[in-house]
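Take a look at the structure below.
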Amino acid sequence: LFSRFHSNALSVIRIQKTKRKKGEEDMQHRKSVTGNGRPSGTDGSDFSYRMVVDSRYTKVAKGKSRLSKLIFAQVIIQLIGLLTLFLSISKDESLNTLAVSSAVIGFISLIIGELGRRRSRVNFLKFYMLASSIAIMFSIAYVIRSNISLEIIQDLSGWETKKIELLKTAGVLLGLLVQIFTINTTISLIGNMSPPKRTS
């Protein structure tokens with residue numbers, strides 16, 4: 001009877017030791033995963049990642065606001081271009097292919113750019129950046145081919161008769177300046193829209 005009791009007692013002790021050992025192993029495993037036993041995300045281990053994300057959100061918001069102002073400026077410039085185009089037509093001048101192409105591509109790019117800005121579409125913003133650059137290049141080519149600036153420089157006394165041409169040239173130069181800022185802003189915005197990589 002004593003030997004049976006002793007055997008049962010040893011079995012109980014072995015079972016308790018086994019359970020205790022297993023519990024300690026589980027605890028060590030949880031600590032190794034989370035660092036100090038707390039759930040992931042509450043121990044501060046992802047603090048730097050969250051700071052990067054917050055910083056990017058702030059930069060994206062500022063970039064969108066800046067781009068909105070630039071797009072508005074481009075709309076005004078495009079309207080000036082359309083005005084000069086209609087005035088030229090009213091003077092029985094023939095339609096210039098470069099001027100018309102620049103106006104059409106310019107307005108399409110502005111619509112796509114505004115959609116990309118509002119919906120955070122990187123592909124739309126890239127298309128907008130490319131198309132608006134093509135539009136401004138067409139405008140520059142039109143001014144160069146028409147020799148507007150050269151004629152005014154050679155005959156300063158006749159500038160009053162070439163007010164429309166002066167307005168065209170001023171619009172193109174202003175458009176080029178705005179386009180430079182637009183490209184820089186759009187590239188920066190696209191970069192900040194890309195999700196940051198987690199550091200291990």
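Quick note: the sequence shown uses UniProt numbering, first residue 1, plus one each step.
Glycine included, every Cβ here is placed at the ideal spot set by N, Cα and C.
Three-state secondary structure (DSSP) of residue i
i, result
"Arg145", "helix"
"Ile96", "According to the sequence provided, residue 96 is Asn. The question's Ile does not apply to it. Reduced to three states, the DSSP call for Asn96 is coil."
"Ser194", "coil"
"Lys91", "coil"
"residue 201", "What the structure shows of the chain is the stretch from 1 to 200, and residue 201 is not part of that stretch, so it cannot be assessed."
"Ala170", "helix"
Beta-carbon contacts of residue i that lie in its chain and below 7 Å, excluding the five residues immediately before and after
i, result
"Met129", "Ile183 and Thr186"
"Ser88", "Ile164"
"Phe2", "Only weak support is given to the placement of Phe2: the predicted model assigns it a pLDDT of 46, under 50, and the question is left unresolved by the model."
"Ser109", "Tyr128, Ala131, Ser132 and Ala135"
"Lys59", "Asn192"
"Phe181", "Leu70"
Status (buried if at least 16 other CB within 10 Å, exposed otherwise) for residue i
i, result
"Ile71", "buried"
"Val100", "exposed"
"residue 206", "The question about residue 206 has no answer here: the residues shown for the chain are numbered 1 through 200."
"Arg76", "Per the sequence shown, the amino acid found at residue 76 is Ile instead of Arg. Classification for Ile76: exposed."
"Ile111", "exposed"
"Phe138", "buried"
"Ala103", "buried"
"Ser120", "exposed"
"Lys57", "Before going further, note that residue 57 is Tyr rather than Lys in the sequence given. Tyr57 comes out exposed."
"Phe47", "Low local confidence applies: a pLDDT of 47 at Phe47 is under 50, so the model's placement there is unreliable, with the coordinate-based value given in what follows. So Phe47 ends up on the exposed side."
"Ile105", "buried"
Same chain, Cβ closer than 8 Å to residue i, five either side skipped, listed in chain order
i, result
"Ile140", "Val172 and Leu176"
Contact set for residue i: own chain, Cβ-Cβ below 6 Å, skip 5 residues either direction
i, result
"Thr84", "Ile164, Leu167 and Lys168"
"Arg66", "Thr185"
"Phe5", "Unreliable placement is indicated for Phe5, whose pLDDT of 46 sits below 50; no coordinate value is reported for it."
- [ ] Decide yes or no for the touch test of the region 115-124 against the region 78-95: beta carbon pairs closer than 8 Å, at least 3 of them.
- [x] no
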